[in-house]
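Residue numbers (the numbering used here), protein chains in the order written: chain A, 1 to 137; chain B, 1 to 137. Yeah, the Cβ is synthetic: ideal placement off N, Cα and C, and Gly gets one too. Keep in mind it's a predicted model, so treat the numbers as computed, not measured. Structure record follows, encoded as structure tokens.
The structure is reproduced here in structure tokens:
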């Protein structure tokens, strides 16, 4: 197992983590992912952790790093498929995954990404919305 | 690693194989997948093997089994993301993955599935097309 595959689905990238992230694998994933975002112009990254039964502080940090890097390249990151037991353990360990959005499954994650991208696009398209108060749209 | 996650994406299911399929894991995958098809009514299964560097006769047989089982439940299976080296090795070993369709990546696999489902639907909607010869549609 040399690298975790990154699948392109429309304007999103999907990463399914099925193995324990050790140091080199995590670095490879970070580097592969930023390159993939840059190459494809992806607007969102979905990280599926439904096969992960333990999220420790290392993995939490890697996920946080990925989200921050993706944000710098104008892509949002959503972590999907967290097992209930993982959520319990994370909070018991005091890890709240700051800066990382989550969704129950891939479909809901995609909806979340799509709504965020639309919000961003509409804000960018109408920067003087406040001046327009009262006009119907 | 107890089971390979199955992700639902619209009317398709996506399975990313990242580890060697040993006997019990393969059986679990088969059973999980047919249950997921039955539960979700999925019309297509995408099996991503981009992280697999060796496909031997065992794995070829498992993929063939999955495709046959899915077909019985009215779902098509497409294997996507095969590495060039894997294609070379498969043919050198005399394994041609009979009954299994392939596509270059997930996006092309989804297009293939969508076109197959549309063809099937249009054939089912117009069973007496031959009697209608000459009428414009």
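How about the stretch 76-83 of chain A and the stretch 36-46 of chain B: do they share at least three Cβ pairs that are nearer than 8 Å? no
How would you label residue 6/B, buried or exposed, when you count the other beta carbons within 10 angstroms and need 16 or more for buried? buried
Would you mind reading off the limits of the alpha helix (DSSP H) that contains residue 61/A? 57-72
Along the beta strand (DSSP E) that carries residue 14/A, what are the first and last residues, could you check? 12-16
Put residue 8/B into one of helix, strand or coil per three-state DSSP. strand
In whole angstroms, what is the alpha-carbon distance linking residue 122/B and residue 62/B? 31 Å
Just the Cα atoms here: how many angstroms apart are residue 69/B and residue 116/A? 38 Å
Starting from the C-beta of residue 13/B, find all residues in its chain whose C-beta is less than 6 Å away, skip the five residues before and the five after it, and write them out in chain order. 6, 36, 42, 45
Could you give the DSSP three-state label for residue 32/A: helix, strand or coil? helix
Does the contact criterion of 3 or more C-beta pairs under 8 Å hold for the stretch 93-110 of chain B versus the stretch 8-22 of chain A? yes
Taking residue 19/A and residue 19/B to be in contact with their CB atoms under 8 Å, please state how far apart those CB atoms are, rounded to whole angstroms. 7 Å
Alpha carbon to alpha carbon, how far is residue 90/B from residue 56/B? Give it in angstroms, no decimals. 7 Å
Classify residue 46/A as helix, strand or coil using the three-state DSSP reduction. strand
Ends of the beta strand (DSSP E) at residue 103/B? 101-103
Measure from the C-beta of residue 5/A to each C-beta in chain B and report whether the shortest distance is under 8 Å. yes
On the DSSP letters alone, give me the boundaries of the beta strand (DSSP E) that residue 77/A sits inside. 76-80
Residue nearest to residue 95/B in terms of C-alpha spacing, selected from 74/B, 113/B, 58/B: 58/B
Beta-carbon proximity list for residue 17/B, same chain, < 6 Å, skipping 5 on both sides: 49, 52
Can you pull the chain B residues whose beta carbon is under 8 Å from the beta carbon of residue 48/A, in chain order? 5, 7
Are any of the Cβ atoms in chain B nearer than 8 Å to that of residue 81/A? yes
Please tell me whether residue 86/A and residue 64/A are closer than 8 Å, where the distance is taken between their beta carbons. no
Coarse secondary structure for residue 23/B, derived from DSSP in three states: helix
Less than 8 Å between CB atoms is the rule here; does residue 40/A satisfy it with respect to chain B? no
Proximity test, Cβ basis, 8 Å: residue 57/A and chain B: no
Reduced DSSP category for residue 137/A - H, G, I as helix; E, B as strand; rest coil: Note on residue 137/A: pLDDT 43, under 50, position unreliable in the model; the coordinate value appears next. Three-state DSSP puts residue 137/A in coil, outside helix and strand.
Give a yes or no on whether the minimum CB-CB distance between residue 114/B and chain A is below 8 Å. no
Anything in chain A within Cβ reach of residue 51/B, meaning under 8 Å, just list it in chain order. 1, 3, 4, 5
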